[in-house]
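Trainee:
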Amino acid sequence: MITLSILGPPPSHAEDFSLNDERYNGIGRALTIFEEEGLYFELTEVVDFSELDREDAVLLLHVGAIRSARGTIDFIERGGALLLADEGDTLEEIYARFGFTRQSGPLTREFALHGFDGVYLAPRYERHSLSDGVDFLITDHPRPFFHESLSPLFTLAEDEILVAVGRLGAGELIAIGDSSLFINQLARLSENDRFLRNLGRHLAGRYARLLIVLGPGTIASTDTPSSARGLGNLREGLLAIGAIEIDPLTLHLASIVLLIGLTLMLGSKLHRGVLFQGPQRLGNPAAPTGIEWDIRTLETRGADLGAPIRALRQVVYAAMTRRFARRIASAAEAKSALAGAGLSLEKMGIEARFFERLDEFALSSPSEAEVRASRRELVRFVRHAEVLLNRLEERE
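Numbering (the working numbering), first residue to last: 718 to 1113.
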């Protein structure tokens, strides 16, 4: 039996997302959850999608004006994430641009809570990292939507979706039909708390930061044609390749980078374009076997990216062994060798626990979820390794 007495007064439909407001309509609780899950976020009143990086995520929580919505699709296709959570009319242009059909309110009353005007339970519809451990969401005056291509995670009916996810190009689109999930009074409810924690963990593992647009905020974007950007990047890449002097060690590192790329591409094909995060429908009584079971396991537990990282570790330690003429096989030995040569990870712009993280993968079995790397961390490891190897070559 579900008891909602802790809700107190009927939840306000957040018009004032004030960080200093500890009443029900502040978002301090949601921000605390994000911090606890390791998600770096920034609050802003203006967002320009053309200025954002592919490792950025944007949460449109409370938007008051749109000067220009250009660049939003290009931002996602380049690898960014867009979270639509403001169900107000201001974002009508954005929703239309992405092919949403929206309702003014729920049509079905099956999951309405009697005695609480506008409060609905939204049961989980599909398994996903965002819905893991969450049986339902408690919402206040939600605005359901429908999208034929996104995967519904929480719904009131098949055509009344409250949370859905999907990929667009290299990026990700997450739609949430109730911004009230982020306010204090609803965020502290156990099911909603788990959802916000899943969201924070999901974003922290894939993106460098989350920009939260509120205030009410303004979307003011310019648009650089993606074709022009692609040609420019290709031209720069060809010039850079022409200047590279390749030795066997660098070729070994390049082969690992290609292995990583092929791993991600294969995952994309297997999971219908949702890299290692494809949803699994509930209520399927058939026991999966063979390749179906492998895919199902990847969908629900994530992919083991430890193998390419362990290979990368071998390359790094082999290069250091050759450079310092002594065996390097652990984080302590690597740091000691660098210190003896007057080098430091900090001065090279490499995270302090780079070697320790490499060792964690070497000493852990692939099934240990706590040491599984996100795609973003995997790419970061490769970049750090490139910086380190280049520096070692300079000093030879």
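All residues carry an ideal CB built from backbone N, CA and C; glycine is no exception.
As the structure is a computational prediction, the values presented were derived from the model and not from experiment.
#1: Using only the alpha-carbon positions, how far apart do Lys986 and Leu867 sit?
#2: Just verifying my parser: in three-state terms, what is the DSSP assignment at Arg1074?
#3: Along the chain, where does the beta strand (DSSP E) that runs through Glu762 open and close?
#4: Answer with buried or exposed for Asn909, where buried requires no fewer than 16 other C-beta atoms within 10 angstroms of its C-beta.
#5: Just grab the DSSP bridge partners of Pro861 for me.
#6: Please give me, in chain order, every unbroken run of the alpha helix (DSSP H) with length at least 4 that falls completely inside the region 753-818.
#7: Have a look at the DSSP bridge pairing and note the partners of Ser896.
#8: Apart from the five residues just before and just after Ile891, which ones in its own chain have a Cβ nearer than 6 Å to its Cβ?
#9: Relative to the C-alpha of Thr935, which candidate in Ile783, Arg926 and Leu830 has its C-alpha closest?
#10: With distances taken from CA atoms, which of Glu753, Glu1077 and Gly745 is nearest Arg914?
#11: Less than 6 Å between C-beta atoms, sequence neighbours within five positions excluded: which residues of the same chain meet that for Phe862?
#12: Going by beta carbon distance, what residues of the same chain come within less than 6 Å of Ser848, once the five residues before and after it are set aside?
#13: Which residues in the same chain have their Cβ closer than 7 Å to the Cβ of Gly917, if we skip the five residues on either side of it in sequence?
#14: According to DSSP, what are the bridge partners of Leu885?
#15: Would you mind reading off the limits of the alpha helix (DSSP H) that contains Gly1057?
#16: Could you check which residue in Val1096, Glu865 and Ala1049 has the C-alpha nearest to that of Pro1025?
#17: How many angstroms separate the CA atom of Lys1052 from the CA atom of His864?
#18: Compare the C-alpha of Ser767 against each of Arg746, Thr761 and Asp791 and name the closest.
#19: Tell me the DSSP secondary structure of Arg844 in three-state form.
#20: Measuring CB to CB, does Val930 end up less than 8 Å from Leu777?
#21: Skipping 5 residues on each side, what residues in its chain have a beta carbon closer than 7 Å to that of Ala921?
#22: Distance check for Gly797 and Leu903, CA to CA, integer angstroms please.
#23: Between the C-alpha atoms of Phe815 and Thr856, what's the straight-line distance to the nearest angstrom?
#24: Return the first residue and the last residue of the alpha helix (DSSP H) that Leu906 is part of.
#25: Where does Thr825 sit, in a helix, a strand or coil, going by DSSP?
#26: In angstroms, rounded to a whole number, what distance separates the CA positions of Asp852 and Tyr837?
#27: DSSP has Ile933 in a bridge; who is on the other side?
Mentor: With the structure as the only source:
#1: Unreliable positioning characterises Lys986 in this predicted model, as indicated by a pLDDT of 45, which lies under 50. A coordinate reading is not provided.
#2: helix
#3: For Glu762, the enclosing beta strand (DSSP E) begins and ends at Phe758 to Val764.
#4: buried
#5: Answer by DSSP bridge pairing: none, since Pro861 is not bridged.
#6: 789-794 and 809-814
#7: Looking at the DSSP assignment, Ser896 forms no beta bridge with any residue, so it has no partner.
#8: Leu800 and Val882
#9: Ile783
#10: Glu753
#11: Phe817, Arg819, Ile878 and Gly894
#12: Arg841 and Leu870
#13: Ile750, Phe751, Glu754 and Leu756
#14: Gly888
#15: Ala1048 to Gly1057
#16: Val1096
#17: 51 Å
#18: It is Asp791 whose Cα lies nearest to the Cα of Ser767.
#19: strand
#20: yes
#21: Close CB contacts of Ala921 within its chain, under the 7 Å cut and outside five residues either way in sequence, are with Glu754, Gly755 and Leu756 (chain order).
#22: 28 Å
#23: 24 Å
#24: Unbroken run through Leu906: none, as it is neither H nor E.
#25: The three-state secondary structure of Thr825, taken from DSSP, is coil.
#26: 13 Å
#27: One detail in the question is off: residue 933 reads as Pro in this sequence, not Ile. Beta-bridge annotation (DSSP): Pro933 is not paired with any residue.
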